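The next block holds one structure in the form of structure tokens; read it before the comments.
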């Protein structure tokens, strides 16, 4: 009887282990991966069947056939911002190519990383600045900080797109803080963020890396980690790749990234362009509404306790692109798909000028359009007055 009980106990334990292994595989959201490849920086990505991305679990995407290219809108055909679909990014990979055809690169997610992201996750989530004021009474307002330029809420405009060119910088960040330079597109209570971030809870180091964040209804996540995440269509352009080298303060800016979010009228999708390439999309149906009502550009920082992390390049702006973190060539696309390269209907907002500042220049005289300067050393404690 003892032998039989012991055997049953072993079988039960084995079943538990196998079950836990399957749950871990599900949490990692990598199903039937073709193979693992590495970037030139040594980051591992799993090549996932394009139809087995987590976003295809969303009810609006079941039994959906994928269209890999955006239907180019006639009113934008003469725009200089037309995407370059034939450009290749094999140079990002050790194999010189990227993933096999019909698969996309998704960064491997460990259970430890998921645990770090879920720890204090409600407070940790990226946010927009509109619900924040200079009143520092709430915990959320102490933990999240902004130095942004944003469209004015009272004008009630609708948008089908926006874009930016952002300098790549390397602010000092400590775990579990993050500091980002991003474009934020608000759609009712939902939103999309794109840009670069230094986020040691999300990524394995303290380097600026590209990111996407999506909030759609009750679901929200980074990159492609949930059913509301972006659907990738390129086999050679990964999210989470190291950006740079970061610009050195006082020198000519060495690295810029270009982002654009644009709604495809014909197929009712929001497309993301990175470096002039369509790399993925979101079905419009997953969001609360089919248009954006607010846009913002600039820095966002999170800290669990004071002092806060640096933002931008860690210095207050001097209104000089050679010395400041900045975003330029900002545009919006209105409800009639007309591009506005001036974007006059914006205001600047910083929730704490002791740590972060922002300025905008509509007529800088530089060939970069409307420019936004942002950044700062972080929230300074009284005993740290020397850091100014």
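Numbering (mature numbering (1 follows the signal peptide of the UniProt record, and there is no 0)), first residue to last: -19 to -1, 1 to 369. Where is the CB? At the ideal position from N, CA and C, for every residue including glycine. Since we're looking at a predicted model, the values are computed, not measured.
{"Query": "Determine the direct distance from the alpha carbon of residue 259 to that of residue 212, and round the result to whole angstroms.", "Result": "11 Å"}
{"Query": "Quick check on DSSP: helix, strand or coil for residue 259?", "Result": "strand"}
{"Query": "In the DSSP assignment, find the unbroken beta strand (DSSP E) run with residue 172 in it and report its ends.", "Result": "171 to 179"}
{"Query": "With DSSP run on the structure shown, which of helix, strand or coil describes residue 303?", "Result": "coil"}
{"Query": "Since residue 281 contacts residue 163 with CB under 8 Å, what's their CB separation in whole angstroms?", "Result": "6 Å"}
{"Query": "Check whether the region 133 to 145 touches the region 238 to 251, taking contact to mean three or more Cβ pairs, one atom from each stretch, closer than 8 Å.", "Result": "yes"}
{"Query": "Strictly by DSSP, which residues pair up with residue 191?", "Result": "177"}
{"Query": "Reducing DSSP to helix, strand and coil, say where residue 82 ends up.", "Result": "coil"}
{"Query": "What is the rounded straight-line gap between the Cα of residue 350 and the Cα of residue 323?", "Result": "7 Å"}
{"Query": "Quick check on residue 124: does DSSP put it in helix, strand or coil?", "Result": "helix"}
{"Query": "Count the C-beta pairs between the region 293 to 305 and the region 146 to 154 that are closer than 8 Å, then say yes if the count reaches three, no if not.", "Result": "yes"}
{"Query": "Would you kindly report the start and end of the unbroken beta strand (DSSP E) that includes residue 74?", "Result": "Per DSSP, residue 74 belongs to no beta strand (DSSP E) and is neither H nor E."}
{"Query": "From the DSSP output, in three-state form, read off residue 265 for me.", "Result": "helix"}
{"Query": "Write down the C-beta distance between residue 208 and residue 335 rounded to the nearest angstrom, noting that I regard them as a contact closer than 8 Å.", "Result": "Going by Cβ atoms, the distance from residue 208 to residue 335 rounds to 40 Å, so no, they are not a contact pair."}
{"Query": "To which residues of the same chain is residue 21 closer than 8 Å at the C-beta, ignoring the five residues directly before and after it?", "Result": "72, 73, 74, 75"}
{"Query": "What residue range is occupied by the uninterrupted beta strand (DSSP E) comprising residue 18?", "Result": "17 to 19"}
{"Query": "For residue 356 versus residue 303, is the C-beta spacing smaller than 9 Å?", "Result": "no"}
{"Query": "With DSSP as the reference, please indicate the residues paired to residue 313 in a beta bridge.", "Result": "143, 321"}
{"Query": "For residue 238, which option in 189, 290, 195, 249 has the closest C-alpha, if you only look at C-alpha atoms?", "Result": "189"}
{"Query": "Report the rounded CA-to-CA distance for residue 224 versus residue 279, giving the unit in angstroms.", "Result": "17 Å"}
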